[in-house]
């Protein structure tokens with residue numbers, strides 16, 4: 110695609126920033142009084158909407174998830190770009206000569222040859238979802254946001270260990286988190302196992 114290198118740089122840029130910086134930037138953007146999002150809504154005449162964002166229990170988790178997706182999408186762009194660049198162009202040229210369209214080439218050539226990369230991406234995505242402590246700790250107020258709506262397991266572990274002083278319970282939670290992560294990775298790799306394609 111024309112300008113694909115520019116797109117890669119734009120998508121990868123959040124990966125260069127520290128997650129703490131990203132969380133602080135979005136905390137300011139979500140500020141209900143002086144944040145960029147509500148200022149934009151005021152500018153376009155939707156000042157009657159003005160959500161509380163991180164202060165609303167229905168929206169807080171979605172706001173945190175949006176930040177996590179935005180900050181990590183660059184990694185997957187690089188991961189899949191590297192995988193796609195390793196696929197020989199001859200396969201696509203042969204498919205084009207045989208009359209295959211874009212959908213057919215994606216499901217018959219691209220996806221099968223990228224399947225190992227897809228599995229790796231799923232495993233990384235699961236680990237990222239299970240370990241979202243930094244974003245929740247920096248962006249949300251109080252223990253786990255409003256009405257505990259953003260309390261994830263890693264943040265719950267932190268509060269039990271350092272706020273409540275229950276080190277044994279927190280250690281048990283940490284081991285449970287490790288087991289859940291390993292089980293998730295094992296299930297993804299097991300269910301996604303396919304015959305390896307060589308080219």
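Numbering (this note's numbering), first residue to last: 110 to 308.
Glycine is no exception: its CB is placed at the ideal position from the N, C-alpha and C atoms.
6 Å Cβ shell around residue i - same chain, five flanking residues per side excluded
| i | result |
| --- | --- |
| residue 239 | 290 |
| residue 286 | 262 |
| residue 135 | 176 |
Residue i: CB within 6 Å of a non-hydrogen atom of the ligand GDP
| i | result |
| --- | --- |
| residue 281 | This structure does not include the ligand GDP; it has no bound ligands of any sort. |
Continuous alpha helix (DSSP H) stretch holding residue i: start and end
| i | result |
| --- | --- |
| residue 266 | 262-267 |
| residue 218 | From DSSP, residue 218 is part of no alpha helix (DSSP H); its letter is neither H nor E. |
Proximity of residue i and residue j at Cβ, strictly below 7 Å
| i | j | result |
| --- | --- | --- |
| residue 132 | residue 138 | no |
| residue 242 | residue 216 | no |
| residue 163 | residue 249 | yes |
| residue 221 | residue 166 | no |
| residue 170 | residue 268 | no |
| residue 159 | residue 150 | yes |
| residue 123 | residue 190 | no |
| residue 232 | residue 296 | no |
Own chain partners of residue i with C-beta closer than 7 Å, once the 5 adjacent residues on each side are dropped
| i | result |
| --- | --- |
| residue 214 | 201, 204 |
| residue 186 | 117, 120, 121 |
Beta-carbon proximity list for residue i, same chain, < 8 Å, skipping 5 on both sides
| i | result |
| --- | --- |
| residue 276 | 270 |
| residue 193 | 219, 223 |
| residue 309 | This structure leaves residue 309 out entirely; the chain is present only between 110 and 308. |
Min CB distance residue i to chain B below 7 Å
| i | result |
| --- | --- |
| residue 170 | Checking the listed chains, one finds no chain B in this structure; it contains a single protein chain. |
Exercise for review: Could I get the ranges of all uninterrupted alpha helix (DSSP H) runs contained in the segment 123-159, with 4 residues as the minimum, in chain order?
Suggested key: 128-138, 145-152
Curious, which full-length alpha helix (DSSP H) runs of at least 4 residues does the segment 171-207 contain? 198-206
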